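Q: Chains as they are written, first to last, in the numbering used here: chain A, 17 to 339; chain B, 284 to 712.
C-beta: ideal position from N, C-alpha, C; glycine also.
These numbers come from a predicted model, not from an experiment.
One structure, pasted below without further comment.
Now the structure itself:
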């Protein structure tokens with residue numbers, strides 16, 4: 017494919033969530049990412065698509081892998097990158113989040129990758145900046161590139177998404193990954209079951225078109241894919257569940273639970289994983305695990321998103337005289 | 284000796300069940316007569332096709348003075364009140380310092396005199412510093428002018444403290460205003476808990492948090508014989524609980540914020556902080572119940588729940604933006620849109636919720652009525668004028684409203700306080 021031609025199914029300068037995307041738009045990102053992966057395997061490890069463009073990584077919340085992945089994705093497209101992290105920044109001197117972003121924009125950054133602990137924070141920036149905003153995780157709302165890389169990985173291994181049954185296990189309430197997964201998977205025709213302790217299943221979640229279960233052992237035989245969402249220990253102190261031990265007893269993916277699932281089940285986890293909590297080491301490193309594939313694919317998915325948003329932004333400016 | 288005749292308006296005086304096209308005669312700052320007036324007067328104002336009613340009264344307004352003058356001052360709050368048709372507001376005590384002592388209450392009165400716009404009645408704190416720990420000097424506050432006691436938007440978590448406050452306030456014939464909310468269930472919340480909070484990944488504030496405290500507060504009113512007023516009720520169960528309590532003659536009153544009648548939690552999909560209010564915008568079934576509560580009298584009054592915030596506080600992440608929106612200057616047209624246009628309330632019913640209803644809650648005799656002899660606090664409304672809400676035109680110092688650009692009808696044209704013309708729309712009083 018021609019990396020520089022605008023895509024017929026993509027004209028968004030921002031990537032804020034999967035909720036607002038059509039199946040075609042999601043397909044465009046996946047195809048673009050697949051093409052990038054192919055070219056990479058053929059030795060094209062560096063492309064010119066974002067040459068002369070500066071990508072800002074604005075991480076107002078700690079992150080290692082997402083930030084590294086976005087940063088590397090930008091570099092592989094020949095962009096310059098500037099990293100901003102909240103710790104030791106002007107935020108601690110009282111500057112508002114929007115002012116910080118405006119300052120970075122004033123330095124010529126036109127693609128803004130944003131991670132923030134408040135749901136909706138990237139939406140606020142998209143309204144206040146000229147730059148393209150890519151959501152790298154907002155509060156407990158969405159993490160669209162993680163959702164896309166999950167779907168990309170599932171599609172790569174299973175050959176399709178439509179008709180599959182995907183079980184999301186664990187802390188659905190606080191999970192931005194869960195929401196992005198649900199939107200993306202449903203739009204592409206998969207069935208989604210959310211499974212976890214009742215305290216971590218958000219109210220009215222079934223209205224998102226998912227099935228709810230509190231018994232992992234019961235739903236496992238139907239599962240084509242199991243995505244093990246991260247459990248944060250501090251949730252236990254807030255009395256969402258009695259103990260890590262009790263959580264693991266009912267919801268940890270271990271060898272015997274893998275046996276209950278289909279033979280070709282895929283085990284995913286957005287990470288960072290707590291070995292022994294969400295899944296046991298034998299499963300994490302076992303033959304059904306695609307966890308490291310997810311990380312690899314994340315790079316191509318993020319390259320695709322950066323490229324598509326950049327092209328849409330240029331097209332909008334050329335066409336409408338402004339974004 | 285000066286006299287003024289408001290001629291030929293639709294005079295709506297719900298306290299005395301009056302609704303007729305007639306004249307209102309004002310002399311020396313007081314209402315003299317309603318009816319076909321034929322005496323000669325100093326000044327006649329033609330009010331045909333207008334509504335002439337008692338001046339509107341708002342039960343609890345965030346005036347922010349002293350301490351938060353970047354949001355609002357007494358002068359700007361009262362100017363906004365006049366522009367909205369109000370002749371009296373009660374000022375919340377959540378200032379810096381808190382109005383928890385006599386001197387602070389007297390400062391509120393003094394600032395209102397300096398501004399010289401409309402009446403401002405201080406609301407005193409229930410507990411020192413609104414901290415919920417020990418009672419404020421309720422008796423001294425009453426002496427300083429406090430008409431009721433409240434910890435404003437801080438829910439009183441200790442049932443013991445509220446019990447003592449209700450008992451003690453009885454001595455001064457003052458009600459306690461509560462913000463009925465179980466804080467342990469709403470901690471960190473920014474919106475109504477429901478489908479949309481799940482969709483948006485925003486921390487929810489369940490309706491049950493309000494239901495629980497409405498029941499508790501009513502139980503304590505029954506226990507103590509004190510008088511409780513529930514500010515800004517927003518849930519279906521709250522309305523039903525109040526209805527049952529009133530049937531049993533328990534001394535409980537309630538108001539509803541206008542925005543809880545106009546908007547629902549779907550608005551949060553924009554992540555616009557102007558929809559972050561406390562209590563939160565609820566779902567449509569709750570809105571229906573609130574309207575029913577206004578219709579059958581379970582809810583006494585409509586408030587603006589005016590909560591000004593300076594621009595630098597509102598263009599931020601949803602988590603850190605303060606709750607609340609300005610409301611004094613938009614309450615009237617929004618009430619028409621939410622209640623008159625769909626036929627939920629008649630004009631006399633609506634005017635009652637904005638005049639004699641709140642006057643009764645505050646225990647103000649001679650307010651919220653046009654009875655002969657009372658001070659002439661009168662608002663003349665043009666019910667048909669169409670206009671577009673433009674926050675830049677607000678008299679309030681703050682602009683935090685979700686209603687910018689709304690096409691509405693109806694507004695206050697003339698506002699008289701004590702017979703004196705204090706506000707004329709589009710011109711100097």
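#1: Can you name the start and end residues of the alpha helix (DSSP H) that residue 521 of chain B belongs to?
#2: From residue 541 of chain B to residue 442 of chain B, what does the alpha carbon distance come to, in whole angstroms?
#3: Spell out the partners DSSP gives residue 316 of chain B in its beta bridges.
#4: Provide the residue(s) that pair with residue 158 of chain A in DSSP beta bridges, ordered along the chain.
#5: Give the interface partners of residue 340 of chain A over in chain B, defined as CB-CB distance under 8 Å, in chain order.
#6: Got a sec: which bits of the region 140-167 of chain A sit with their beta carbon under 9 Å from any beta carbon on chain B, in order along the chain?
#7: Counting only Cβ-Cβ distances shorter than 9 Å, please list the residues of the region 463-482 of chain B near chain A, keeping chain order.
#8: Determine the DSSP secondary structure at residue 422 of chain B, reduced to helix, strand or coil.
#9: Measure the C-alpha to C-alpha separation of residue 60 of chain A and residue 173 of chain A and round it to an integer number of angstroms.
#10: Please list, in chain order, all residues of the same chain as residue 166 of chain A whose beta carbon is under 7 Å from its beta carbon, the five residues on each side excluded.
#11: Is residue 554 of chain B close to chain A? Criterion is C-beta to C-beta, closer than 7 Å.
#12: Should the region 304-316 of chain B be regarded as contacting the region 549-560 of chain B, the criterion being three or more beta carbon pairs within less than 8 Å?
#13: Given a limit of 9 Å on CB to CB distance, which residues of the region 236-259 of chain A reach chain B?
#14: Give me the subset of the region 482-494 of chain B whose CB atoms are less than 9 Å from a CB atom of chain A, sorted by chain position.
#15: Roughly how many angstroms lie between the CA atoms of residue 521 of chain B and residue 640 of chain B, to the nearest whole one?
#16: So residue 473 of chain B and residue 485 of chain B are supposed to be a Cβ contact under 8 Å. How far apart are they, rounded?
#17: Along the chain, where does the beta strand (DSSP E) containing residue 405 of chain B start, and where does it finish?
#18: Less than 7 Å between CB atoms is the rule here; does residue 561 of chain B satisfy it with respect to chain A?
#19: Closer than 7 Å, Cβ to Cβ, to anything on chain A: give me those residues from the region 341-360 of chain B, in chain order.
#20: So, residue 689 of chain B versus residue 672 of chain B, is the Cβ gap smaller than 7 Å?
#21: Could you tell me whether the region 26-46 of chain A touches the region 158-165 of chain A, using the rule of 3 or more Cβ pairs below 8 Å?
#22: I think residue 567 of chain B touches residue 366 of chain B, with their Cβ atoms under 8 Å apart; what is that distance to the nearest whole Å?
#23: Using the rule of at least 16 other Cβ atoms within 10 Å of the residue's Cβ for burial, across every protein chain shown, is residue 119 of chain A buried or exposed?
#24: Are the C-beta atoms of residue 104 of chain A and some chain B residue less than 7 Å apart?
#25: Counting Cβ pairs, one atom from each stretch, are 3 or more of them under 8 Å apart for the region 315-329 of chain B and the region 427-444 of chain B?
#26: Could you tell me whether the Cβ of residue 265 of chain A comes closer than 7 Å to any Cβ of chain B?
#27: Here's a check: name, in chain order, each residue in its chain whose Cβ is nearer than 6 Å to the Cβ of residue 597 of chain B, leaving out the five neighbours to either side.
#28: How would you call residue 203 of chain A, buried or exposed, if buried means at least 16 neighbouring beta carbons within 10 angstroms?
#29: At the 7 Å Cβ level, is residue 134 of chain A part of the contact set with chain B, yes or no?
#30: In terms of residues, what are the limits of the beta strand (DSSP E) holding residue 139 of chain A?
#31: Apart from the five residues on each side of it in sequence, which residues of its chain come closer than 7 Å, Cβ to Cβ, to residue 305 of chain A?
#32: Please state the DSSP three-state secondary structure of residue 163 of chain A.
#33: Taking 6 Å as the line, does the beta carbon of residue 688 of chain B fall inside it for any heavy atom of the ligand ATP?
#34: Assuming residue 338 of chain B and residue 662 of chain B make a contact with CB atoms under 8 Å, what is their CB distance in whole Å?
#35: For residue 163 of chain A, does the count of other Cβ atoms within 10 angstroms reach 16, so buried, or fall short, so exposed?
#36: Excluding the 5 residues preceding and the 5 following residue 293 of chain B in the sequence, name in chain order all residues of the same chain whose CB lies nearer than 6 Å to its CB.
A: Once the coordinates are examined:
#1: 519-530
#2: 29 Å
#3: B:308
#4: A:154
#5: In this structure chain A extends from 17 to 339, so residue 340 of chain A is not present and cannot be described.
#6: 140, 143, 144, 154, 155, 156, 157 and 158
#7: 473, 476, 477, 478, 479, 480, 481 and 482
#8: helix
#9: 23 Å
#10: 197, 243, 284 and 310
#11: yes
#12: no
#13: none
#14: 482, 483, 484, 485, 486, 487 and 489
#15: 19 Å
#16: 5 Å
#17: 402-407
#18: no
#19: none
#20: yes
#21: yes
#22: So it is not a contact: roughly 31 Å between Cβ atoms.
#23: exposed
#24: Annotation note: pLDDT 49 at residue 104 of chain A (below 50); position unreliable, coordinate value reported separately. Closer than 7 Å: no.
#25: no
#26: no
#27: 556, 604 and 683
#28: buried
#29: yes
#30: Residue 139 of chain A -> not in any beta strand (DSSP E); alpha helix (DSSP H) instead, spanning 137-144.
#31: 283 and 299
#32: helix
#33: Questions concerning the ligand ATP fall outside what the structure shown contains, since it holds no ligand whatsoever.
#34: 5 Å
#35: buried
#36: 304 and 334
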